[in-house]
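Numbering (the numbering used here), first residue to last: 157 to 311. Glycine included, each C-beta is placed from N, C-alpha and C at the ideal position. Data block below; observations after.
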């Protein structure tokens with residue numbers, strides 16, 4: 157979810173982080189259908205670090221450049237096979253499907269934040285009574301599941 161805190165506008169799409177070299181390197185390249193926002197966390201706040209290329213992109217996307225205070229310094233509709241450099245230094249870049257800029261009513265100076273969907277939140281918890289009935293045994297340096305001993309009824 158992306159939030160324009162200045163205007164109290166929200167885009168209710170999925171958000172992922174590009175917070176490592178390899179995630180930033182791949183970005184959205186070769187993604188056939190961009191249906192989520194990708195937030196790039198850059199190592200330094202400069203115009204050069206925040207420049208992007210649209211090589212190997214299949215569609216036009218919305219791009220928002222933010223400084224270290226998460227304020228918008230530039231935004232674009234980025235078309236494939238072009239290079240973009242923000243007007244001012246940026247620490248974060250948000251790339252996503254067309255419509256994000258309009259949904260958030262983005263303008264220079266707006267403060268943008270995000271909430272990343274945690275993949276673990278999707279997991280279905282197991283009932284605790286199932287887990288409590290399982291025991292673990294260590295045999296020859298390996299751990300294996302052991303069925304619980306049946307309770308004997310006393311006569």
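1. For the 8 angstroms Cβ check, are there 3 or more pairs between the stretch 219-230 and the stretch 240-256?
2. Mark residue 158 as exposed unless 16 or more other C-beta atoms lie within 10 angstroms of its C-beta, in which case mark it buried.
3. Under 8 angstroms between the Cβ atoms of residue 269 and residue 241?
4. In angstroms, rounded to a whole number, what distance separates the CA positions of residue 161 and residue 238?
5. For the beta strand (DSSP E) containing residue 177, list its first residue and its last residue.
6. For the beta strand (DSSP E) containing residue 268, list its first residue and its last residue.
7. Closest to residue 169 by C-alpha separation, out of 203, 217, 193, would be which residue?
8. Answer yes if the stretch 203-220 comes into contact with the stretch 250-258, meaning at least three C-beta pairs across the two stretches below 8 angstroms, and no otherwise.
9. Please report the distance separating the alpha-carbon of residue 184 from that of residue 265.
10. Assuming residue 236 contacts residue 213 (C-beta within less than 8 angstroms), just tell me the rounded distance between them.
11. What does DSSP give as the partner residues of residue 222 in its beta bridges?
12. Count the other CB atoms, across all protein chains shown, that sit within 10 Å of the CB of residue 230; report buried if there are 16 or more and exposed otherwise.
13. Just to confirm, is the Cβ distance from residue 190 to residue 272 under 8 angstroms?
On the basis of the supplied data:
1. yes
2. buried
3. no
4. 30 angstroms
5. Counting along the chain, residue 177 falls outside any beta strand (DSSP E), though it belongs to the alpha helix (DSSP H) covering 177-182.
6. 268-270
7. 193
8. yes
9. 26 angstroms
10. 4 angstroms
11. 228, 248
12. buried
13. no
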